[in-house]
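Protein chains in written order, with our numbering: chain Z, 45 to 156; chain Y, 45 to 156; chain R, 390 to 528; chain P, 390 to 528.
Where is the CB? At the ideal position from N, CA and C, for every residue including glycine.
Everything below concerns the one structure shown next.
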Amino acid sequence: MKYKIREKEGVVLIDLSGKLMGGSDAELFKDCIYDLLEKGRKKIIVNLGKVTWINSAGVGILITGYTTMRKKEGDLKLLNVSEKIKSILYVTKLNLIFDCYEDEEDAIESYS
Amino acid sequence: MKYKIREKEGVVLIDLSGKLMGGSDAELFKDCIYDLLEKGRKKIIVNLGKVTWINSAGVGILITGYTTMRKKEGDLKLLNVSEKIKSILYVTKLNLIFDCYEDEEDAIESYS
Amino acid sequence: MTGKISLEFPSEYKYLNLVDALCNGIIRDIELDPKTATEIAVSVIEACTNALEHGNKSNPAVNVRVLFMWDKNRFAVEVYDCGEGFDYREYMKNIPDPSDIDHIRGRGIFIMKEMMDSLSFEFSDNEGMKVTLEKVISG
Amino acid sequence: MTGKISLEFPSEYKYLNLVDALCNGIIRDIELDPKTATEIAVSVIEACTNALEHGNKSNPAVNVRVLFMWDKNRFAVEVYDCGEGFDYREYMKNIPDPSDIDHIRGRGIFIMKEMMDSLSFEFSDNEGMKVTLEKVISG
Ligand SMILES: Nc1ncnc2c1ncn2[C@@H]1O[C@H](COP(=O)(O)OP(=O)(O)O)[C@@H](O)[C@H]1O
Ligand SMILES: Nc1ncnc2c1ncn2[C@@H]1O[C@H](COP(=O)(O)OP(=O)(O)O)[C@@H](O)[C@H]1O
Numbered sequence: 045m046k047y048k049i050r051e052k053e054g055v056v057l058i059d060l061s062g063k064l065m066g067g068s069d070a071e072l073f074k075d076c077i078y079d080l081l082e083k084g085r086k087k088i089i090v091n092l093g094k095v096t097w098i099n100s101a102g103v104g105i106l107i108t109g110y111t112t113m114r115k116k117e118g119d120l121k122l123l124n125v126s127e128k129i130k131s132i133l134y135v136t137k138l139n140l141i142f143d144c145y146e147d148e149e150d151a152i153e154s155y156s
Numbered sequence: 045m046k047y048k049i050r051e052k053e054g055v056v057l058i059d060l061s062g063k064l065m066g067g068s069d070a071e072l073f074k075d076c077i078y079d080l081l082e083k084g085r086k087k088i089i090v091n092l093g094k095v096t097w098i099n100s101a102g103v104g105i106l107i108t109g110y111t112t113m114r115k116k117e118g119d120l121k122l123l124n125v126s127e128k129i130k131s132i133l134y135v136t137k138l139n140l141i142f143d144c145y146e147d148e149e150d151a152i153e154s155y156s
Numbered sequence: 390m391t392g393k394i395s396l397e398f399p400s401e402y403k404y405l406n407l408v409d410a411l412c413n414g415i416i417r418d419i420e421l422d423p424k425t426a427t428e429i430a431v432s433v434i435e436a437c438t439n440a441l442e443h444g445n446k447s448n449p450a451v452n453v454r455v456l457f458m459w460d461k462n463r464f465a466v467e468v469y470d471c472g473e474g475f476d477y478r479e480y481m482k483n484i485p486d487p488s489d490i491d492h493i494r495g496r497g498i499f500i501m502k503e504m505m506d507s508l509s510f511e512f513s514d515n516e517g518m519k520v521t522l523e524k525v526i527s528g
Numbered sequence: 390m391t392g393k394i395s396l397e398f399p400s401e402y403k404y405l406n407l408v409d410a411l412c413n414g415i416i417r418d419i420e421l422d423p424k425t426a427t428e429i430a431v432s433v434i435e436a437c438t439n440a441l442e443h444g445n446k447s448n449p450a451v452n453v454r455v456l457f458m459w460d461k462n463r464f465a466v467e468v469y470d471c472g473e474g475f476d477y478r479e480y481m482k483n484i485p486d487p488s489d490i491d492h493i494r495g496r497g498i499f500i501m502k503e504m505m506d507s508l509s510f511e512f513s514d515n516e517g518m519k520v521t522l523e524k525v526i527s528g
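Here it is, written out as structure tokens:
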């Protein structure tokens, strides 16, 4: 897993890329989220468009980010969710938890 | 391997698709070539654009077609040769034997 | 349309996308519909993640073996690890709610059970832990 | 960047593109340049074609095994079949001209030799026929 951080209209976009699975990815993402919280950033969009590969442990990583943000009155929404990731979210009913967007502008606007 | 036959300006285009390797493909292609010869067709272009997969035995199949046509004053030229097929043709110097084209019109025109 | 192929790899996460590459190759060959294809691919990865992580404790000196078998009605996958197994009978009686976000992990078995037509576990001293996934297909 | 994975399949042509799918997956992972990638992929397929065809006589009851191994300097592939081997020392002394179109077959070994940095053969009673391909890479 790799990530890049962008900011647009007070919203932080995390562009994830590569593989999102168990192991070291979990720590890496947690650190990223705590870092953002420390800087007072609480409106998060995770762009999954370049995630080539995911498993349920990878979805767990997104859950960590979501619950951490929510506990601090923040939020974490998803952008560009592939069919494969969607199938995991639907079967686990996590689609009811995560707000998902197909369009970056729409995702940003949802925070205003 | 599968193929479809088209005719354009007196030239026969064989659109190959799928895998081109040893085994039953060799017989299938030979039958196709003999069939065309029987019908008096001797200007052949083999379109490899939809060949997803090839090995040196598959190249051997093209050689059979080429030599059979040449013995009857015909010819067999190649169209849409992928980088992988090109690498096999170059290393074996068969690129000096086969005329290769990237454009269908050019290939057809070469026969006029 | 009938086939079988087996793959063996050290217990490290980095091999999971190679399992995926092979699995997708098979799926492409037998021309499954996209939904079935996704369900199989996701489940295979969950089974392999468990084998390398829980079974083999991410020990790269120990291998995971995956056997793919298919015919025109059925797609089956067996995943073997060298671990001590677990009390799957007990676990299957009471699978945790996957939508409970207080749990970060614990969705793999639920996902496999939902996405495949059959999921079974078997432990033996000589073969170790074996998870079998099956799906009815129309090829 | 270091890895190994092994694949085993019955001696039928239809599995060759699954070998290719796995090989391409590995190549993508270690980000080889396109030329090196093509040369490895082509050579692996030639070795597997020979193993299933000449070694195992296309007998689907007998398997071909392929072992991929890589580190940052080297990509190696071992291909095993259960056949009786052949007189490779003699064959290597006098490889037929691959541009001679009077021969339909007989280019596989030439191609592997040209495309890889090392090609070697070994026959043993317990392991059967083993072909080893190696290429220096800069990963
Ligand atoms: N192959 C296995 N060997 C040992 N234990 C296993 C194996 N597969 C699953 N388990 C046990 O079952 C539990 C649930 O697995 P799963 O639903 O896939 O979720 P997760 O892997 O995220 O914990 C695991 O935490 C583990 O204790
Ligand atoms: N694994 C093998 N087992 C037995 N014989 C082999 C093996 N590999 C190659 N050979 C022999 O070497 C010859 C040349 O092989 P190759 O150059 O790959 O061309 P082709 O396979 O088209 O004949 C084969 O025809 C066969 O007699």
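Our two residues, L92(Y) and K48(Z), have alpha carbons roughly 41 Å apart in a direct line. Not one heavy atom of ligand 2 falls within 7 Å of the beta-carbon of R478(P). The DSSP-derived three-state label of F142(Y) is coil. Contacts with chain Z (Cβ-Cβ distance below 9 Å) from the segment 496 to 524 of chain R involve R496, G497, F499, I500, E503 and M504, listed in chain order.
By the criterion of at least three beta-carbon pairs nearer than 8 Å, the segment 70 to 77 of chain Z is not in contact with the segment 466 to 474 of chain R.
Where F499(P) is concerned, the enclosing alpha helix (DSSP H) starts and stops at G497 to M504. Shortest gap from the CB of F475(P) to any heavy atom of ligand 2: under 7 Å.
Here the alpha carbons of H443(R) and D69(Z) stand approximately 17 Å from one another. Counting only Cβ-Cβ distances below 8 Å, L405(P) has contacts in chain Y at K63, M65, W97 and N99, in chain order.
Within the same chain, Cβ atoms closer than 8 Å to the Cβ of P449(R) are found at P399, S400 and E401, the five residues on either side in sequence being excluded.
By the C-beta density criterion, S131(Z) is buried, having at least 16 other C-beta atoms within 10 angstroms.
For a Cβ distance threshold of 8 Å, residue set T136, K137, L138, L140 and I141 of chain Z lies close to S488(R), ordered along the chain.
Per DSSP, reduced to three states, the secondary structure at R114(Z) is helical.
Against chain P, the beta carbon of P399(R) has neighbours under 9 Å at G392, K393 and I394, listed in chain order. Non-local beta-carbon contacts of V55(Y) in its own chain, meaning distances under 7 Å to residues more than five positions away in sequence, involve K87, I89, I152 and Y155 in chain order. Ligand 2 never approaches N452(P) closely enough for any of its heavy atoms to be under 7 Å from the residue's Cβ.
The Cβ-Cβ distance between T438(P) and G66(Y) falls below 8 Å.
Inclusion of F499(P) in the 7 Å shell around ligand 2 follows from its C-beta lying nearer than that to a non-hydrogen atom of the ligand. Going by DSSP, Y78(Y) is part of the alpha helix (DSSP H) stretching over S68 to E82. Within the same chain, L456, F457, M458 and W459 come within 8 Å of K393(P) by CB-CB distance, once the 5 residues on both sides are set aside. Under the 8 Å Cβ criterion, the segment 416 to 432 of chain P does not count as touching the segment 510 to 520 of chain R, having fewer than three qualifying pairs. Annotation: D491(P) to L138(Y) spans about 12 Å, alpha carbon to alpha carbon.
When DSSP states are grouped into helix, strand and coil, M390(R) belongs to the coil group.
In this structure, DSSP gives R50(Y) an extended state, which the three-state scheme calls strand. Judged by DSSP in its simplified three-state form, R417(P) adopts helix. Selection S488(R), N445(R), I419(R) and S432(R) evaluated against I98(Z) yields S432(R) as nearest (Cα-Cα). Below 8 Å, too few C-beta pairs join the segment 121 to 128 of chain Y and the segment 494 to 512 of chain P to call them touching: fewer than three. In this structure, K94(Y) places its C-beta atom within 8 Å of the C-beta atom of L60(Y). When the five nearest sequence neighbours on each side are left out, the beta carbons in the same chain lying within less than 6 Å of the beta carbon of C412(R) are those of A430 and V433, in order along the chain. DSSP places E516(P) outside any beta strand (DSSP E), giving it a letter other than H or E. M390(R) and N406(P) have their C-alpha atoms some 14 Å from each other. Rounded to the nearest angstrom, the gap between the Cα atoms of D506(P) and L396(R) is 26 Å. At a cut-off of 8 Å, the C-beta of I107(Y) has a neighbouring C-beta in chain P.
For Y480(R), the uninterrupted alpha helix (DSSP H) segment begins and ends at Y477 to K482.
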